[in-house]
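Protein chains: 2
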Amino acid sequence: MTGPEERLRMAYVARRYYRDDATRSEIADEIGVSRFKIARMLERAKDQGIIKFEISAGDLVDPSLSVDLQKRFGLRRALVVGAPGDTDDIAREYVGKAAAQLLTEIVEEGDVVGFTSGRTVYAVAGFLESLARCDVVALGGVAGQATEHGVEILRRAQRIAGGRMWPIFAPLVVRDPATARALLHDPLIHEATSQFQRVTKGVVAVGSWDPPNSQLYDAARELGFADKLLAQGVVGEVAATLIADGGKTIDTIDDRTIAIRAETLRKIPEVICVGGGASKARAMRAAIAAGLIDSVVTDASLARELLTMN
Amino acid sequence: MTGPEERLRMAYVARRYYRDDATRSEIADEIGVSRFKIARMLERAKDQGIIKFEISAGDLVDPSLSVDLQKRFGLRRALVVGAPGDTDDIAREYVGKAAAQLLTEIVEEGDVVGFTSGRTVYAVAGFLESLARCDVVALGGVAGQATEHGVEILRRAQRIAGGRMWPIFAPLVVRDPATARALLHDPLIHEATSQFQRVTKGVVAVGSWDPPNSQLYDAARELGFADKLLAQGVVGEVAATLIADGGKTIDTIDDRTIAIRAETLRKIPEVICVGGGASKARAMRAAIAAGLIDSVVTDASLARELLTMN
DNA sequence: AATATCTATGCTCAAATGAGCATTCGGAGT
DNA sequence: ACTCCGAATGCTCATTTGAGCATAGATATT
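Quick mapping for you: the protein sequence lines, in order, are chains A and B.
Take the first sequence: its letters are residues 1 to 310, numbered as in the numbering used here.
Take the second sequence: its letters are residues 1001 to 1310, numbered as in the numbering used here.
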């Protein structure tokens, strides 16, 4: 075992090398040993834990989970935020903030950014503070009671991005195909849906059907669709595209939804899925398998669940 | 400000470079950028605090205080241990342990190691666990009530070092010169004091007279010397050598002490002074100024006090 | 005591890195 | 539109560093 004098010396060398950016030769001259000895001291300092590298990536992001997730699922980007013990509400704040910062970082002038509705996407919009000049489009109608949220997301994004906006003032899912067709012929809605193919970056929430944690699920249940869809293996949804466990999309109610279709979604150069909480893991895995999403911003619970699912 | 994607990337690069020892070029190929960009990312990661270097030197030693102290006072070695808030007792344990480890590290076969008495030196001996084969010598008589301590130090050191030992069974200070002379003519004591010139490494405690924190001071007070000596400016002592603030040694009671003399102490190649607690700062500073000690093992309180004294 | 073994040290030469510079690109100001 | 400025990028070449080896000194083994 190394004595305190030697450890102190190693600490000094480590400090001079890493903190002060001295070269090994400088340090060697300074304390009168060869540069090779300095090199070996630095190695041993690392082995013995005298120097440790603390890597953080800021308050929010967990660097290793992020990279693990990105590699494991072949994602374009993955940001994992917060601690696994956080409540869903706290996790949503973290995810929203990180996703907002990510958008600020990656959105370029001329982009067309699409948003679904949902609480997490609402949080993203809430944390948006600056954005390159771009147009914003709703990727679907509004689900859930808090109807205003869906529109509010676009409004805030538009105010910050400064470009044009195409909100969709309609429910995400309706009772029958005829109603859906009628809505889709509404001039304002039609104009919005025509923008789908121009979208270059999508921000989408993921909803879980098993266990149920989705506003689309709630709406479907009210309309009486839910059980049949569950029987067909639906585990989650993105926008209004239902997905089964292996990633197969299920089009049963496509004629009753006002939202971007799976094939159009897949053509968007980058779709970022936001959402946290371990309960959404199956749904998110299915969405990735379905090829609907390219990047994720999530929390540590969901990330760990995804990484240990099998 | 940098976005989370970029920070994550920087964290990843930092991890690969510092933790995994990947070369900049490897990382560059891996993520498809130039090695120059990697270099700049690492620089910025350092600036932005994404990577931090945590340097510890083990549980005991405070690396920066140690180096500061060593440089400020031109010491051969300085080890500063523990936290400034520690009590004297805890600090003594830390100092003792660190000094013991230091001895283990630096004592070589054939050395002759001298010890004074004192509680801290006793702690040093208590923590000694291995030592190159060497002889051990008491550097003076015993002060304080716990007479056995002084001898116990030598016994333990001898048992671990395996060489010869020369303890001194006598008080550190006596009432009058005649008593001192008589003791110094005692064959056992004479044999011990004859070893002083052979000593190659000394371990000495420091006693403070102002404020009083010294067993020699207590003894001197009982014998009625103390006030006169304080009037002469004594602020502390090493072995039985009294020292005034600027480092001047005061020989008033030298003819009544059984201990190594200042000039002999100065000839020892390395004298290590052990002791902690801010109250001993003046005494230690004086001992350094007097050229009686070459290295120190102390605690954070004393070190900070020394560094801020002026 | 002689031998083998291990560890620490410093060397050479190839690889990795840093400093400084030229170029490009994207605004900001006129 | 134009120029100007600053930031970012990648280059060259000198410096720094790492890998592997040879040597020397210590330690264990017989």
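Here a beta-carbon is modelled for each residue, glycine too, at the ideal position from N, C-alpha and C.
Since we're looking at a predicted model, the values are computed, not measured.
Just confirm the distance between the C-beta atoms of residue i and residue j, as a whole number of angstroms; I'd bet it's less than 8 Å.
{"i": "residue 189/A", "j": "residue 258/A", "result": "7 Å"}
{"i": "residue 1076/B", "j": "residue 1270/B", "result": "6 Å"}
{"i": "residue 1066/B", "j": "residue 1079/B", "result": "6 Å"}
{"i": "residue 1300/B", "j": "residue 1083/B", "result": "6 Å"}
{"i": "residue 131/A", "j": "residue 156/A", "result": "Not quite, the Cβ-Cβ distance comes to about 10 Å (not below 8 Å), so this is no contact."}
{"i": "residue 194/A", "j": "residue 282/A", "result": "Not really, about 33 Å apart at Cβ, beyond 8 Å."}
{"i": "residue 1196/B", "j": "residue 1298/B", "result": "With 8 Å as the limit, residue 1196/B and residue 1298/B do not qualify as a contact, their Cβ atoms being about 25 Å apart."}
{"i": "residue 1238/B", "j": "residue 1292/B", "result": "5 Å"}
{"i": "residue 268/A", "j": "residue 199/A", "result": "5 Å"}
{"i": "residue 81/A", "j": "residue 94/A", "result": "4 Å"}
Are the CB atoms of residue i and residue j nearer to each other than 7 Å?
{"i": "residue 116/A", "j": "residue 204/A", "result": "yes"}
{"i": "residue 170/A", "j": "residue 183/A", "result": "yes"}
{"i": "residue 1051/B", "j": "residue 1045/B", "result": "yes"}
{"i": "residue 1114/B", "j": "residue 1154/B", "result": "no"}
{"i": "residue 274/A", "j": "residue 120/A", "result": "yes"}
{"i": "residue 1053/B", "j": "residue 12/A", "result": "no"}
{"i": "residue 1246/B", "j": "residue 1289/B", "result": "yes"}
{"i": "residue 88/A", "j": "residue 224/A", "result": "no"}
{"i": "residue 163/A", "j": "residue 134/A", "result": "yes"}
{"i": "residue 1151/B", "j": "residue 1167/B", "result": "yes"}
{"i": "residue 1040/B", "j": "residue 1027/B", "result": "no"}
{"i": "residue 158/A", "j": "residue 137/A", "result": "no"}
Rounded to whole angstroms, what's the CA-CA distance from residue i to residue j? Just pull it up for me.
{"i": "residue 10/A", "j": "residue 1098/B", "result": "16 Å"}
{"i": "residue 256/A", "j": "residue 305/A", "result": "33 Å"}
{"i": "residue 242/A", "j": "residue 249/A", "result": "6 Å"}
{"i": "residue 1172/B", "j": "residue 1214/B", "result": "12 Å"}
{"i": "residue 92/A", "j": "residue 22/A", "result": "44 Å"}
{"i": "residue 322/A", "j": "residue 229/A", "result": "Only positions 1 to 310 of chain A appear in this structure, which leaves residue 322/A out of reach."}
{"i": "residue 7/A", "j": "residue 1059/B", "result": "11 Å"}
{"i": "residue 1035/B", "j": "residue 72/A", "result": "26 Å"}
{"i": "residue 160/A", "j": "residue 1068/B", "result": "52 Å"}
{"i": "residue 240/A", "j": "residue 220/A", "result": "11 Å"}
{"i": "residue 1042/B", "j": "residue 1218/B", "result": "59 Å"}
{"i": "residue 102/A", "j": "residue 295/A", "result": "11 Å"}
{"i": "residue 179/A", "j": "residue 70/A", "result": "41 Å"}
{"i": "residue 1047/B", "j": "residue 1002/B", "result": "12 Å"}
{"i": "residue 212/A", "j": "residue 1014/B", "result": "40 Å"}
{"i": "residue 227/A", "j": "residue 262/A", "result": "22 Å"}
{"i": "residue 1272/B", "j": "residue 1266/B", "result": "12 Å"}
{"i": "residue 1109/B", "j": "residue 1307/B", "result": "35 Å"}
{"i": "residue 216/A", "j": "residue 234/A", "result": "12 Å"}
{"i": "residue 1062/B", "j": "residue 1310/B", "result": "21 Å"}
{"i": "residue 1118/B", "j": "residue 1085/B", "result": "23 Å"}
{"i": "residue 1025/B", "j": "residue 285/A", "result": "34 Å"}
{"i": "residue 1049/B", "j": "residue 56/A", "result": "8 Å"}
{"i": "residue 174/A", "j": "residue 181/A", "result": "10 Å"}
{"i": "residue 165/A", "j": "residue 260/A", "result": "16 Å"}
{"i": "residue 1149/B", "j": "residue 1090/B", "result": "19 Å"}
{"i": "residue 1004/B", "j": "residue 287/A", "result": "23 Å"}
{"i": "residue 232/A", "j": "residue 251/A", "result": "11 Å"}
{"i": "residue 1201/B", "j": "residue 1074/B", "result": "18 Å"}
Going by DSSP, name the residue or residues bridged to residue i.
{"i": "residue 1051/B", "result": "55/A"}
{"i": "residue 79/A", "result": "297/A"}
{"i": "residue 115/A", "result": "138/A and 203/A"}
{"i": "residue 1124/B", "result": "DSSP output for residue 1124/B lists no bridge partner at all."}
{"i": "residue 61/A", "result": "81/A"}
- Would you list, in sequence order, the uninterrupted alpha helix (DSSP H) runs of no fewer than 4 residues that lie entirely inside the region 1136 to 1194 of chain B? Taking only runs of at least 4 residues, the alpha helix (DSSP H) segments lying wholly in the region 1136 to 1194 of chain B are 1147 to 1161, 1177 to 1185 and 1187 to 1194.
- Message: If we require 4 or more residues per run, which alpha helix (DSSP H) segments fall completely within the region 203 to 283 of chain A?
- Response: Whole alpha helix (DSSP H) segments, 4+ residues: 215 to 223, 226 to 231 and 262 to 267.
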